[in-house]
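Chains as they are written, first to last, in our numbering: chain A, 108 to 250; chain B, 108 to 250.
All C-beta atoms in this analysis are idealised placements derived from N, C-alpha and C, irrespective of residue type, glycine included.
Source: prediction; values computed, not measured.
Structure record follows, encoded as structure tokens.
There are 2 protein chains.
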Amino acid sequence: MEIFSERKIIEMLRQAGIRPSIHRLSVLEYVANNRTHPVAEEIYEFIASKYTGVSKTTVYNSLHTLVEAQILRPLEMGSNTTRYDLAIQKPHSHFKCKSCGKIFDMNLPADIDKMAAPGFRVESTDLHFAGVCPKCIKITENK
Amino acid sequence: MEIFSERKIIEMLRQAGIRPSIHRLSVLEYVANNRTHPVAEEIYEFIASKYTGVSKTTVYNSLHTLVEAQILRPLEMGSNTTRYDLAIQKPHSHFKCKSCGKIFDMNLPADIDKMAAPGFRVESTDLHFAGVCPKCIKITENK
DNA sequence: TACTATTTTTGTATTAATTACAATTTAGTT
DNA sequence: AACTAAATTGTAATTAATACAAAAATAGTA
Chain A
108 MEIFSERKII EMLRQAGIRP SIHRLSVLEY VANNRTHPVA EEIYEFIASK
158 YTGVSKTTVY NSLHTLVEAQ ILRPLEMGSN TTRYDLAIQK PHSHFKCKSC
208 GKIFDMNLPA DIDKMAAPGF RVESTDLHFA GVCPKCIKIT ENK
Chain B
108 MEIFSERKII EMLRQAGIRP SIHRLSVLEY VANNRTHPVA EEIYEFIASK
158 YTGVSKTTVY NSLHTLVEAQ ILRPLEMGSN TTRYDLAIQK PHSHFKCKSC
208 GKIFDMNLPA DIDKMAAPGF RVESTDLHFA GVCPKCIKIT ENK
């Protein structure tokens, strides 16, 4: 998996016209380099362990700014808590394992937008699968 | 759009082994016959206007029971509030208009499940589009 | 019909995620 | 250094949803 250097992260922010403040930088660095589709809480915990006295609001602010700039992409995977994914990468779909809860990146057909009815302007597409991942299938079978 | 008679709704519940209590019946009737993908609040308001003294918990209970029985299908369309859709109908995708907020039913490719990586057991698929609907495109153009 | 067990409903309290907002701090610019 | 704008903080509020125990309704059976 591609790892983004701090330099690269700063560049991403600069290009979007966003000041690379220390916390913002950290939020993006975490989401970009830990491709676990984390929720705000998880990101907050990381930042809080790195710097003392960080407010949760700051994390939310940063996330909103980054989503606004289309650097991050909010994801809803059936738990009513928003997850975050790096937007600047090949379009892909997601698979959530009902057993272990993990979220996997999957393929996305290139022409998927054509599935929408004519006359509608598609700006974003989300394809989500839910089911059981190979590892969990194996675990269930060996019972 | 197909309208489900009370008789039909009761039959659906019976077949799933669910007692057709008056509120449950009402919840399902509302979701089945008002294909607006309503949220719990909207359903509650309908029920509350029909019968006095209905608890919101009852609506949530009914919705859970109906989802459990796979009669309804929970939907998350980017607002962290769950919407409900009738499950017993042709599989379809959804389009949310960013301008008017309306949700439209769209086509769903029959072989979409094959897009998941091999080895994964797909149990449900959600395809969501977001963008602008034809009506709202027109409104924006005439400015 | 009356009794009992089970299901359904209620109502209140609680949790969890997120937002609002005013005050403070920090950083960039003249 | 002084000024301006942006970022951060902290607390309070909001909103959706859940937990749970008590009360009411219902079905099945004696």
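Pick out the complete beta strand (DSSP E) segments inside the region 112–186 of chain A, 3 residues or longer, and give them in chain order. 179–183
Tell me whether residue 189(A) sits in a helix, a strand or coil according to DSSP, three-state version. strand
C-alpha gap between residue 115(B) and residue 177(B), whole angstroms: 16 Å
Tell me, please, whether the region 128–135 of chain B touches the region 231–246 of chain A by the rule of three or more beta-carbon pairs shorter than 8 Å. no
Which residues share a DSSP beta bridge with residue 200(A)? 213(A)
Beta-ladder partner(s) of residue 238(B), from DSSP: 229(A) and 204(B)
The region 183–208 of chain B: which residues have C-beta closer than 9 Å to a C-beta of chain A, in chain order? 183, 184, 185, 186, 187, 188, 189, 200, 202, 204 and 205
Quick one: what does DSSP say residue 218(B) is sitting in, helix, strand or coil? coil
Can you list, in chain order, the residues of its chain whose CB lies under 6 Å from that of residue 120(A), leaving out five sequence neighbours each side? 127
For residue 195(A), three-class secondary structure by DSSP: coil
Out of 243(A), 113(A) and 241(A), which has the shortest C-alpha to C-alpha gap to residue 132(A)? 113(A)
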